[in-house]
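For reference, the structure discussed in these notes is given below.
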Amino acid sequence: MFRIPSQIRTSDPEFKANVEHQKRVEAEYLELYEKIRRGGPPKYVERHKARGKMTARERIEALIDPDTAFLELSPLAAYGMYNNEAPAAGVITGIGRVHGREVLIIANDATVKGGTYFPMTIKKHVRAQQVA
1 MFRIPSQIRT SDPEFKANVE HQKRVEAEYL ELYEKIRRGG PPKYVERHKA
51 RGKMTARERI EALIDPDTAF LELSPLAAYG MYNNEAPAAG VITGIGRVHG
101 REVLIIANDA TVKGGTYFPM TIKKHVRAQQ VA
């Protein structure tokens, strides 16, 4: 296979600055993603669990085959919208393996405004159906 020679100089100050910037951006994204993964406000998550219900992410984890990955789609949907009260647009979508078959999963998150659909929720839901 033909190999394209690299012109990158890892000792260059601009390269080092870009690496540091990328690390900061990645850390910000991971922090934001973890916040989104928690779902709705803690009091609503606690109320949901007190009623003996699993969160949407717990339901997905129970559904997919053990030791398989779940590829979440559009976790940042609705970010910065609706007063930041709709993490992941209130619905979790992604691809997982169930009984050995890859499937698209859509799970409403009841901890986000009681499962209310926002305009972005509908867009995310329709996009997931298109991916399916």
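For the sequence shown, position 41 (counting from the first letter as 1) is numbered 41 according to the numbering used here, and the numbering increases by one without interruption.
Idealized CB from N, CA, C, for every residue including glycine.
Does DSSP put residue i in a helix, a strand or coil?
i      : result
Leu76  : coil
Gly114 : helix
Ile105 : strand
Ile95  : strand
Thr10  : coil
Pro5   : coil
Ala132 : coil
Can you have a look at residue i and say buried or exposed, based on whether 16 or more other CB atoms are within 10 angstroms of its CB?
i      : result
Ile105 : buried
Met1   : exposed
Pro13  : exposed
Gly52  : exposed
Taking residue i and residue j to be in contact with their CB atoms under 8 Å, please state how far apart those CB atoms are, rounded to whole angstroms.
i     : j      : result
Ile95 : Ala107 : Actually they do not touch by this definition, with Cβ atoms about 13 Å apart.
Less than 7 Å between the C-beta atoms of residue i and residue j, yes or no?
i      : j      : result
Gly90  : Thr121 : yes
Lys124 : Ala77  : yes
Beta strand (DSSP E) segments (min. 3 residues) lying fully within the region 31-93: 71-73
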